[in-house]
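>
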Amino acid sequence: MITFMNNSDSEEEPCNERTSLMSAESPSVPSYQDGLQASEAGEVQAHRKRRTGSSRSPNNIADGEMSESGVPVRESTLENEEEELTLKYGAKHVIMLFVPVTLCMIVVVATIKSVRFYTEKNGQLIYTPFSEDTPSVGQRLLNSVLNTIIMISVIVVMTVFLVLLYKYRCYKFIHGWLILSSLMLLFLFTYIYLGEVLKTYNVAMDYPTLFLVIWNFGAVGMICIHWKGPLQLQQAYLIMISALMALVFIKYLPEWSAWVILGAISIYDLMAVLCPKGPLRMLVETAQERNEPIFPALIYSSAMMWTVGMAKPDTAARGPSQQTWDAAEDGRENHRSPSHGDSQMSETRSPVPTRPITSLEELEEEERGVKLGLGDFIFYSVLVGKAAATASGDWNTTLACFVAILIGLCLTLLLLAVFKKALPALPISITFGLVFYFSTDNLVRPFMDTLASHQLYI
Amino acid sequence: MGAAVFFGCAGIAFGPALALVLLTVAAEPLRVIVLVAGAFFWLVSLLLASLIWFISVHLSDREDAKLQYGLLIFGAAVSVLLQEAFRFAYFKLLKKADEGLATISEDGRSPISLRQMAYVSGLSFGIISGVFSVINILADSIGPGIVGIHGDSPYYFITSAFLTMALVLLHTFWGVIFFDACEKRHYWCLGLVVASHLLTSGLTFLNPWYEASLVPIFIITLCMGLWAFFTAGGSFRNILKCLSCKQEDHSRVMMYSALQVPFED
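As you go down the protein sequences, you meet chains A and B in turn. Under UniProt numbering, the first residue of the first sequence carries the number 1, and numbering increases by one thereafter. Under UniProt numbering, the first residue of the second sequence carries the number 1, and numbering increases by one thereafter.
What follows is the structure, given as structure tokens:
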């Protein structure tokens, strides 16, 4: 989900930085609705802020200085300028997403290549009960398809459950679920990861030190992710938990099932985002009706939110930006802190911007931020990690998948700028990734190996 | 073998590329996107070439070593031609993007010039080509082993690293020359670029006779470098001006207004 956030550029005012638990600061204007993508896969959402639409009403209420005749003219020019700015900032947004996605993939690939544990077969998740140790190819294919069907249905059921919970305002339940799953990720999975890394490098660590390290890591992580913290620390934690989750998937998903699941998840993502009766779309619409942000905690955000003390006319409301990602006990999570969102909202509805309408020009220089769902990070990393784990020691396949995913992300962002509505982040990247994986592994690898054995360069 | 060989060869192969990327590309988002997209185009061309080679190998007699070697040469030639074809396709795409960026920008000029895009695209082709050629060799060099135990050359790693460096630089220069030739419709330049690429690839067939392959390749690199320099608008005077670090222009601007920052084109 990509959200453009407009932040205040006012250095002279005291501003509090908050973490990316903020959703986009865009007001939800009825003429500009974004569908919400969510689900375990996570989506890409474009949410451009309509400054003209948003800034009009508070100005009329608060300032009373704007003349009605001046507004339409200004509106059209501002819209054009907004277009320009969206495209101008587009390249920056792409890079703001390239960097964390690359970092997550680097962590996953580095772990896969060095720590044996994550490539050993040690059982499977209960969501993929069918084993792939069958003698015939047809049976193996059938088993992997069945595994995929089970996994996807689990995901769908969880998403629907989440939507129902949200619809009937069971916020405390969701909040508790969220905290439990991030607790498990930050403590249990980190403990296992640290244990395996120490084993690989044959480093001895005593239990008191281990306890201290894990406790600090986990506690700071919980605070950063669910409450407040420096933006970069929160980003780092989100990247780390995405990498941990991806490693779990890489370890416990059997080979063929993993590829089929990746394909199926991107198809599901596409349908859930673009079909009108999808659970995620309903989730978004409900959130927009209630005018509150949804699930801020499982979204990677790349920009800061300036909340208290802003005297901007357009800080009226927050548009929803959403990333749902259903999690089972195994660590997929639903994160949401609507109470958090509510408190943010009350702060930013601070009254009376006393500046005249010329402050609208200042809005053009504001920082825009981008958000991407953590599920996207996870599935990108699963693809690249699987390529690193199973491509017969070949680095070319890993690199080809990496470039394919980045290009898919770039194309998705381009489509976002063109269509200006919520789009799923998975389909294009995963399709490119899968195509490049299979073709590089089967076609390019023998070619390059043969060339290298004769020391030929092309 | 071991870490020394790995780091040394990696430094030789990718040192210039890394420096170029860090100094010229990493700071600008648009250039990074052009870099990654260029890598993608090169990968697609490699995919197609591998497909053609794969089909030809499977349709032929596997036992005949000479035939297989011939098919390899054929595959390499097809790959070179496809790379250049995709470079042309990338040129077309970037030209369109340039026009698009120019129309939507405030002052009618696109934030990145076609020359810069030519350079970055050449660099991207070079980096991805170099990485695909040498990364597995580098990964093997970390582990234990004896190079050339079956009678091959013991200088395999270091020569591979130098060849990769030459290839990266060559692709960069070819990118600049190619785009300029397409812009100005100097088709003989295009032909020369393709021919030199084929020549370079052909020279590597002389490995392990490294005097005959490495030396001419580096001479070609140097010539291409000079050609690209003059194509991009460089001249002897520019070099002198750059080396002497004179601040004449700034002082002229300061005469008019001490507060104005000189507007750089």
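Ideal placement from N, C-alpha and C gives every residue a C-beta, glycine not left out.
As an exercise, report each continuous alpha helix (DSSP H) stretch of at least 4 residues that is fully enclosed by the segment 184 to 250 of chain B, in chain order.
187 to 203, 210 to 231 and 236 to 244
> Using a Cβ-Cβ cut-off of 7 Å (strictly less than) and excluding sequence neighbours within five positions of alanine 389 (chain A), which residues of its own chain qualify?
Ile112, Thr119 and Ile250
> Should serine 201 (chain B) be flagged as near chain A, meaning a C-beta pair shorter than 8 Å?
yes
> Looking only at its chain, what residues have a beta carbon closer than 8 Å to the beta carbon of residue 271 (chain B), apart from the 5 residues adjacent to it on each side?
Residue 271 (chain B) is absent from the model: chain B starts at 1 and stops at 265.
> Rounded to whole angstroms, what's the CA-CA distance from leucine 190 (chain B) to isoleucine 220 (chain B)? Just pull it up for me.
16 Å
> Hey, would you say threonine 164 (chain B) sits closer than 8 Å to serine 121 (chain B), going by beta carbons?
One thing to note: threonine 164 (chain B) has its Cβ no nearer than 8 Å to the Cβ of serine 121 (chain B).
> Can you tell me whether asparagine 396 (chain A) is buried or exposed? The criterion is at least 16 other CB atoms within 10 Å of its CB, across all chains shown.
Classification of asparagine 396 (chain A): buried, given that the 10 Å Cβ count is 16 or more.
> Express the C-alpha separation of valine 197 (chain A) and proline 424 (chain A) in angstroms, rounding to a whole number.
34 Å
> Which value, in whole angstroms, describes the spacing of the CA atoms of serine 182 (chain A) and tyrosine 156 (chain B)?
50 Å
> So, are the CB atoms of leucine 383 (chain A) and cysteine 410 (chain A) less than 8 Å apart?
no
> Within a Cβ cutoff of 6 Å, which residues of the same chain sit near alanine 49 (chain B), ignoring the five residues on either side of it in sequence?
Val78, Ser79 and Leu82
> Would methionine 448 (chain A) pass as an interface residue toward chain D - the criterion being a Cβ-Cβ separation below 8 Å?
This model lacks chain D altogether; the protein chains it does include are A and B.
> Going straight from the alpha carbon of histidine 93 (chain A) to that of glycine 195 (chain A), what length do you get?
36 Å
> In chain A, which residues lie with their C-beta within 9 Å of the C-beta of valine 131 (chain B)?
Trp395, Asn396 and Leu399
> Helix, strand or coil: how does DSSP classify isoleucine 149 (chain B) here?
coil
> Using 8 Å as the threshold, is the segment 117 to 137 of chain A in touch with the segment 239 to 256 of chain A, meaning 3 or more CB pairs across them?
In this structure the segment 117 to 137 of chain A lies against the segment 239 to 256 of chain A, because at least three pairs of beta carbons, one per stretch, are closer than 8 Å.
> Quick check on the burial criterion: 16 or more other C-beta atoms within 10 angstroms. Buried or exposed for methionine 240 (chain A)?
buried
> Along the beta strand (DSSP E) that carries glycine 373 (chain A), what are the first and last residues, could you check?
371 to 373
> Taking Cβ positions, are glycine 90 (chain A) and alanine 417 (chain A) nearer each other than 8 Å?
Against a cut-off of 8 Å, the Cβ pair of alanine 417 (chain A) and glycine 90 (chain A) comes out as a contact.
> Comparing alpha-carbon positions, which option in A:Arg140, A:Leu372 and A:Gln232 lies nearest tryptophan 259 (chain A)?
Answer by Cα proximity: A:Arg140.
> Quick check on histidine 58 (chain B): does DSSP put it in helix, strand or coil?
helix
> For asparagine 207 (chain B), which residues in the same chain have their Cβ closer than 6 Å to its Cβ, ignoring the five residues on either side in sequence?
Ser213
> Could you name the residues of the same chain whose beta carbon sits closer than 6 Å to that of tyrosine 261 (chain A), not counting the 5 residues immediately before and after it, in chain order?
One detail in the question is off: residue 261 (chain A) reads as isoleucine in this sequence, not tyrosine. The beta carbon of isoleucine 261 (chain A) sits closer than 6 Å to the beta carbons of Thr148 and Met151 from its chain, once the five residues preceding and following it are set aside; these are given in chain order.
> Helix, strand or coil: how does DSSP classify leucine 423 (chain A) here?
strand
> For tyrosine 187 (chain B), count the other beta carbons within 10 Å of its own beta carbon; 16 or more makes it buried, fewer makes it exposed. Which is it?
exposed
> Give the secondary structure of tyrosine 237 (chain A) by DSSP, where H, G and I count as helix, E and B as strand, and everything else as coil.
helix
> Return the residue from the list B:Ala228, B:Asp98 and B:Leu199 that minimises the CA-CA distance to glycine 175 (chain B).
B:Ala228
> Sorted by chain position, which residues of the same chain lie with C-beta nearer than 6 Å to residue 314 (chain B)'s C-beta, five sequence neighbours on each side aside?
In the structure displayed, chain B extends from 1 to 265; residue 314 (chain B) sits before or after that span and is not available.
> Does tyrosine 300 (chain A) have its Cβ less than 8 Å from a Cβ in chain B?
No, no contact with chain B.
> Considering Cα atoms alone, identify which of A:Leu415, A:Gly408, A:Ala422 and A:Leu164 is closest to glycine 433 (chain A).
A:Gly408
> Buried or exposed for cysteine 245 (chain B), going by 16 or more other Cβ atoms inside 10 Å?
exposed
> To the nearest whole angstrom, what separates the beta carbons of glycine 278 (chain A) and alanine 272 (chain A), a pair I think is in contact under 8 Å?
4 Å
> If we call anything under 8 Å between Cβ atoms a contact, is phenylalanine 187 (chain A) one with glycine 229 (chain A)?
Going by C-beta atoms, phenylalanine 187 (chain A) is not nearer than 8 Å to glycine 229 (chain A).
> Measuring alpha carbon to alpha carbon, tell me which residue in A:Leu283, A:Ile430, A:Ala387 and A:Leu372 is nearest leucine 165 (chain A).
A:Leu283
> Look at the Cβ atom of lysine 96 (chain B), then the Cβ atom of leucine 114 (chain B), and state whether they are nearer than 8 Å.
no
> Could you say which of B:Lys66, B:Ala10 and B:Ser60 lies nearest to histidine 162 (chain B) if we only look at CA atoms?
The sequence given here has phenylalanine at residue 162 (chain B), not histidine. For phenylalanine 162 (chain B), the nearest C-alpha among the options comes from B:Ala10.
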